[in-house]
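> This is the structure, below, for whatever I ask next.
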Amino acid sequence: MSTYLRCARAFADLVAAIPPDRWDGPALGNWSVRTLVGHTGRSFDTVITYASDAEPDVVNTPTARDYYLTLTADDGPLGSGSDSSGIDARAVAAGSALGDDPTSAIVDKIADATRVLASQSAQRRVEVIFGLTMPLDEYLRTRVFELVVHSIDLSRAIGVAHALPPDAVSDMAQLAVSIAASSGKAESVLLALTGRATLPIGFSVV
């Protein structure tokens with residue numbers, strides 16, 4: 015849980031550094047800075063909700079890697095043929111919901127998540143999206159992935175250095191490679207990492 019909360023604080027510090035005139039500027043694809051922050055902030059909402067819900071009896075998704083592999087499989091809910099418009103709509107709505115003081119809104123979300131997690135066991139089971147059930151600590155790893163990747167996105171968009179924990183960035187890089195290796199993309203990644211080829215345009219593991 016500590017890694018999740020450290021990344022949350024690093025994200026909050028980055029949000030606090032967003033220049034006032036950049037909130038409506040471009041950030042990631044067709045998302046504005048506000049939309050990106052809103053989308054990332056939803057990771058706190060889901061942690062609060064799932065950790066507060068009744069505990070499921072069994073685990074059907076043991077690890078963060080399994081979570082992403084299930085969601086992004088060709089026939090999965092976020093697979094190659096899925097419609098991303100719902101994600102975009104939720105991100106825009108989440109950004110708007112941050113209101114006139116988005117920095118304070120993010121800080122409040124983190125405080126709420128911290129309070130909820132303080133009473134939870136890392137091995138507590140949680141039911142997340144699409145009926146997946148997993149240990150809380152592994153679900154938090156998926157949220158660390160979101161926080162790390164989107165903090166880097168935000169840092170690049172606003173030109174402000176992030177202060178993410180280096181161990182978290184390293185762990186998420188290893189998770190991304192593991193997802194790639196388990197989804198038939200190992201050779202492409204290996205060739206790219208050894209300087210023998212570049213990754214195809216649009217290549218992604220999530």
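Counting from 15, one number per residue, gives the positions in the sequence shown under my numbering. For each residue, glycine too, the CB sits at the ideal point set by N, CA and C.
1) I'd like the list of long-range same chain contacts for VAL219, defined as Cβ closer than 6 Å, with 5 residues on each side in sequence excluded.
2) Looking only at its own chain, which residues have a Cβ that is under 8 Å from the Cβ of PRO33, when we skip the five neighbours before and after it?
3) Express the C-alpha separation of SER66 and GLN188 in angstroms, rounding to a whole number.
4) So does the segment 47 to 55 actually touch the segment 202 to 212, counting three or more Cβ pairs closer than 8 Å?
5) Does DSSP put MET15 in a helix, a strand or coil?
6) Could you please give me the residues that DSSP links to GLU141 through a beta bridge?
7) Where does PRO40 sit, in a helix, a strand or coil, going by DSSP?
8) If we ignore side chains and look at the alpha-carbon of each, how far apart do ASP35 and ARG48 end up?
9) Decide if PRO116 is buried, meaning its Cβ has at least 16 other Cβ atoms within 10 Å, or exposed.
Reading it off the structure:
1) So the list reads ALA190, ILE193 and ALA194, once near-sequence residues are dropped.
2) For PRO33, where only same-chain residues beyond five positions count, the Cβ hits under 8 Å are ILE172.
3) C-alpha of GLN188 to C-alpha of SER66: approximately 30 Å in a straight line.
4) No, because fewer than three Cβ pairs between the segment 47 to 55 and the segment 202 to 212 fall closer than 8 Å, the two stretches do not touch.
5) Three-state result, MET15: coil.
6) DSSP lists THR147 as the beta-bridge partner residues of GLU141.
7) Strand.
8) Taking the straight line from one Cα to the other gives about 11 Å.
9) Answer is buried; the Cβ neighbour count reaches 16.
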